[in-house]
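In the numbering used here, the protein residues as written are -15 to 743. Following: one structure in structure tokens, then a few remarks.
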């Protein structure tokens, strides 16, 4: 059954332009149509590009013919870049240049806002520590010249590569490229001075985000504090948790009941009204910066909501807007796509396309029917989405999480995942940030196996994302807890340890999303004869409490009995057995569940990279089943771990007689030890070793004459294990001394951090 969509929204809904406020709708349309005109050949050169038969306009991109031969004829007219001396000599039609020139001329005629003159810098690059911005001085002309040279210096460094990448991807479209560069300059000019000063400090200290004292937390604004102002008021609590990296889950405007948890964005420049305003977000970012907290925000690249102004205008048949998505007159090409494209939500939103009855056309919707996939073959889409990203960075966002980035390029006959053009787009976005806001980081959401994750780091000389999620290690950790066998986790760790130390992973146990069982099944089958479908069922039964003796209390998401590919939802505490023990009022079982929870967090903190907590885990928050009774959430089990933060639990965080106090204080002790111990530095040598027990994971770290040996018991039994390391060690957590560590006793779900300092 193909996806069906809701009736179209009424035309009286207000539109919010994603362009700067000074740009009028008329000039914006001229600019869109001009750039689109110069790009029409590039957009229509392959069979999978969308058709446009409803509108015929000489200024808009022409539609694809329905037959392949006409598409090939169209493609043959495109002009490719001509390389001379290693540079691209791109070609654009005179008509396109004239059109863009006219659009830019219209821009120049509009009155412009007076920009604040930046203050003169004083030794901005000399220190990496947070500093207050310099006060304005009389000689603003010199400061302006210095700031101007900062942008030009950065642009000169990347210009040739950027132009080569852009013109190769967009068929030598220099008009679109010139607009892109002018947009970068405009975005830089709009960047306020405190952010420019921070950019300079971070440029001088490019490893600022690799420090071992970084600790992250992700949270939903509404669930945590109601509004952005509420989050600002709760910053003291966030700091008490040791957090200096704060990830706010999606908060941009999205339609009620069709939001996908905020990932169906209707306006990239407006905050969801009940959470506050864009001014509130900027004020929170300023407060975080003043307290040394970096702020992270999601940027949904792959699609927009059907309520976005581009989608509404495409639906109305307005020239140039259907080329921003994938529209087709019938199901012929969509059916060809669906032969090779995996379904994202096979049970809740099957298929990858949706029929629009009002348009009598089909639109690509890989996620939900109300999320229309963007067409990045169109340079207008790339230009405007990059500008939206830079708009958010200019509000003070330090880290941009690129959502669903592997999906953004579509090619017929492929899976439409991880295609080479995706890496070109990400590299260009990285360059855009390096030129405009070099203090900003890109975090890639790549929920796939390691072989497909690592390429998103790019190369040392052509980097893409600054950071990536350590997804496979997270899933393997939960597999290890369910099987009490550490062999796969050790195999996974060995693969991670072999990667360059420059690669920074975000390590986590739980997040806003489900747990997908993307394990190394070929390895499991080779070593244990494991059947993938049967093993996934076992894992889900174990963590939902269906397996005999299991205390896990999770729920399944997108359960497909045919494929056995259901995903798991639940909070860390509930999956570890805290909820079951609490319900049964079994103190012995509760102590063991708390020990399991703390052991998993200690393991997360032992890994290189940035550890990130999920809000509520610090006080052992349990599943929230109230979503079952919510008309807008009942069919999405991920809301079981997206409940409101329980501040009454947080009030008990310092009482060691409560489970909340034991979990909070135990976790804070681990975090402080990690921040203070040089062995946890990202530059440390890391390895695994055999401990003498299949249930105990052994990890070693060495840095500047200090050696840390970590042991983790993933079973509920008392065990003996050790490390093949000579000499005496001091245990950091319980402050014990051991003359030798080849034979140590571990409690159920126990762990040890053992330190040896070379003399």
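We put the CB at the ideal spot given by N, CA and C, even for glycine.
Scanning 407, 225, 266 and 739 for the CA closest to the CA of residue 235 turns up 266.
For the set 268, 212, 695 and 619, the Cα lying nearest the Cα of residue 260 is the one of 212. Under the three-state reduction of DSSP, residue 393 is assigned to coil, being neither helix nor strand. For the pair residue 578 and residue 646, the CB atoms are nearer than the 7 Å cut-off.
Our two residues, residue 648 and residue 599, have alpha carbons roughly 12 Å apart in a direct line.
In terms of CA proximity to residue 326, 399 leads the group 399, 538, 461 and 368. When the five nearest sequence neighbours on each side are left out, the beta carbons in the same chain lying within less than 6 Å of the beta carbon of residue 559 are those of 527, 536 and 538, in order along the chain. By the Cβ rule, the region 579 to 597 does not count as touching the region 516 to 532, because fewer than three pairs are nearer than 8 Å. Between the region 622 to 642 and the region 492 to 502, the count of Cβ pairs shorter than 8 Å is three or higher; the stretches touch. A check of alpha carbon separations from residue 308 across 369, 420 and 269 identifies 369 as the nearest. Within the same chain, 346 come within 7 Å of residue 315 by CB-CB distance, once the 5 residues on both sides are set aside. Boundaries of the alpha helix (DSSP H) harbouring residue 271: 262 to 274, taken from the DSSP string. According to the DSSP assignment, residue 450 belongs to no beta strand (DSSP E), since it is labelled neither H nor E. Excluding sequence positions up to five before and after residue 390, its CB lies within less than 7 Å of the CB of 401, 402, 406, 430 and 432, all in the same chain and listed in chain order. For residue 541, the enclosing beta strand (DSSP E) stretches over residues 539 to 541. For residue 471, the enclosing alpha helix (DSSP H) has its first and last residue at 471 to 481.
A contact between stretches requires three or more CB pairs, one per stretch, nearer than 8 Å, and the region 294 to 313 fails this requirement with the region 270 to 282. Pairwise C-beta distances place the region 413 to 426 out of contact with the region 478 to 486, as fewer than three of them are shorter than 8 Å.
Under the three-state reduction of DSSP output, residue 466 falls in the helix class. For residue 356, there is no enclosing alpha helix (DSSP H); the enclosing beta strand (DSSP E) has its first and last residue at 355 to 357.
Using a Cβ distance threshold of 7 Å, residue 374 and residue 420 count as a contacting pair.
Residue 133 is classed as exposed because its beta carbon has fewer than 16 other beta carbons within 10 Å across all chains shown. With a contact defined as Cβ atoms closer than 8 Å, residue 735 and residue 708 miss out at about 18 Å.
Cβ neighbours of residue 367 within its own chain (closer than 8 Å, five residues either side excluded): 19, 160, 163, 164 and 167. For residue 362 and residue 154, the gap between their C-alpha atoms comes out near 8 Å. Contiguous beta strand (DSSP E) elements confined to the region 657 to 681 occur at 669 to 673, taking only those with 3 or more residues. In the DSSP assignment, no residue is bridged to residue 515.
Residue 721 is bridged by DSSP to 714. Closest by C-alpha distance to residue 238, out of 635, 185 and 293, is 293.
At least 7 Å separates the beta-carbon of residue 583 from that of residue 702.
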